[in-house]
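Asks: First the structure, then my questions, so here it is.
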Amino acid sequence: MTSEPYLNPVSRRRVWLVLAGVLLGMLLAALDQTVVGTAMPRIIAELRGLEHYAWVFTAYMLASTVTVPIYGKLSDIYGRRRFFLLGMGIFLLGSALSGLSQTMTQLIVFRAVQGLGAGALFPIALAIVGDLLPPAERGKWQGVFAAVWGLTAIVG
């Protein structure tokens with residue numbers, strides 16, 4: 089007998105697929121935060137913007153922090169999938185635009201766009217874990233999500 093008799097094998101497979109997708113999104117966003125710090129000296133040298141160095145991080149963090157409660161409430165009302173995918177799309181758009189930046193000002197603006205998307209990824213990912221899994225399994229999966237952050241800190 090399994091610990092979740094209410095889930096049939098198809099449902100269990102779907103849960104794993106959803107969790108894998110959410111983990112991938114978290115991995116991208118977490119990796120982004122660590123890789124940018126490593127790459128900043130080279131970016132500053134190419135874009136000649138030492139005086140704007142702090143704003144590259146600040147714009148991302150401000151946008152992300154401000155949007156967390158907004159995305160959280162909207163996902164409670166209208167559904168988690170919709171806003172997780174919206175956040176992922178905005179994050180990926182901001183990432184692509186950041187890579188194409190020609191000036192520090194552009195980089196700062198596009199990092200803010202990334203932050204707008206990232207604000208959805210972190211809280212909604214954990215809410216999805218809470219929605220999909222019984223309480224006995226949530227802690228294990230939240231530990232896996234925390235391990236993603238630890239892994240990116242080492243890799244980044």
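Following the numbering used here, the numbering of the sequence shown begins with 89 at its first residue and continues without gaps. Note that the Cβ used here is the ideal one computed from N, Cα and C, for glycine as well. Just so it is clear, the structure is predicted and the values come from calculations on it, not from any experiment.
#1: Quick one: measure Cβ to Cβ for Phe-179 and Ala-117, integer angstroms, because I've assumed they're closer than 8 Å.
#2: Got a sec, what are the start and stop residues for the alpha helix (DSSP H) Leu-138 sits in?
#3: Determine whether the beta carbon atoms of Arg-170 and Ile-216 lie at a separation below 7 Å.
#4: Out of Leu-220, Gly-231, Trp-237, Gly-227, which one is the CA nearest neighbour of Arg-102?
#5: Hey, out of Leu-185, Thr-191, Ala-208, Arg-130, whose CA is closest to Pro-157's CA?
#6: Taking only runs of the alpha helix (DSSP H) that begin and end inside the stretch 182-226, which ones reach a length of at least 4 residues, in chain order?
#7: In angstroms with no decimal places, state the Cα-to-Cα distance between Pro-223 and Gln-230.
#8: Helix, strand or coil for Gly-109? Go by DSSP, reduced to three states.
Replies: Well, looking at it:
#1: 6 Å
#2: Careful: Leu-138 lies outside any alpha helix (DSSP H) and carries neither H nor E.
#3: no
#4: Leu-220
#5: Ala-208
#6: 192-220
#7: 11 Å
#8: helix
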